[in-house]
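Q: One rule links them: number in my numbering = place in the sequence shown (from 1) + 216. The C-beta atom is built at its ideal place from N, Cα and C for all residues, glycine as well.
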Amino acid sequence: LITNLPSDCCVEVPVHADKTGLHPTYIGNLPSQCAALCMSNVIPQGLAVKAALTGNFEHVAHAVAMDPLTSAVLTLKEARDMAIEMYEAEKENLPQFDEKKIKKVPTIRIPEGTKGVDVPLDPALAIARRFGELEKR
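(1) Identify every run of the alpha helix (DSSP H) within the segment 289 to 317, keeping only runs that are complete inside it and at least 4 residues long; order them along the chain.
(2) Just to check my reading of the structure: Asn220 and Leu246 have Cβ atoms closer than 8 Å, yes? What is that Cβ distance to the nearest angstrom?
(3) For the beta strand (DSSP E) containing Ala231, list its first residue and its last residue.
(4) At what residues does the beta strand (DSSP E) containing Ile222 begin and finish?
(5) Can you tell me which of Pro222, Asn257, Pro240 puts its alpha carbon nearest to the alpha carbon of Thr286?
(6) Can you tell which of Gly271, Phe273, Glu274, Leu292 has the C-alpha that lies nearest to the C-alpha of Ala281?
(7) Once DSSP output is grouped into helix, strand and coil, what is the label at Leu217?
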């Protein structure tokens with residue numbers, strides 16, 4: 217339906233409903249910038265599905281780290297630690313991960329006192345702010 221996104225990803229499209237059912241609308245290619253924005257969510261979601269099917273915790277850690285909102289506020293170490301904490305809390309409900317060890321990975325150390333960059337939690341806020349600045353000119 218959206219030709220420049222993976223055919224197996226979940227998308228929202230306009231739908232025509234009639235007595236025979238629901239009929240999704242063919243969209244074709246999205247503008248490149250829109251497809252790229254969608255892919256920033258499609259890839260982590262795909263990794264989460266792959267993790268659920270394979271029981272590979274590394275896919276979970278990668279999905280969490282690549283999530284746009286998570287990566288805006290957490291370091292890679294913090295994201296991995298959060299994924300481990302969530303797994304530990306829910307492992308009784310995740311039998312596909314049984315008997316598998318979580319791999320130790322080297323961590324990039326950020327020097328004490330390093331100030332992060334202020335990033336809005338929602339990319340739409342940054343765009344709205346920029347348009348507001350341009351409007352004032």
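A: Straight from the coordinates:
(1) List check, alpha helix (DSSP H) in window: 292 to 306.
(2) Here Asn220 really is in contact with Leu246; their C-beta atoms are around 6 Å apart, less than 8 Å.
(3) In the sequence as displayed, the identity of residue 231 is Val instead of Ala. From DSSP, the beta strand (DSSP E) with Val231 extends over 231 to 234.
(4) Just to set this straight, residue 222 is Pro in the shown sequence, not Ile. The continuous stretches of beta strand (DSSP E) do not include Pro222, and DSSP gives it neither H nor E.
(5) Considering only alpha carbons, the answer is Asn257.
(6) Selected option, being the one with the closest Cα: Leu292.
(7) Coil.
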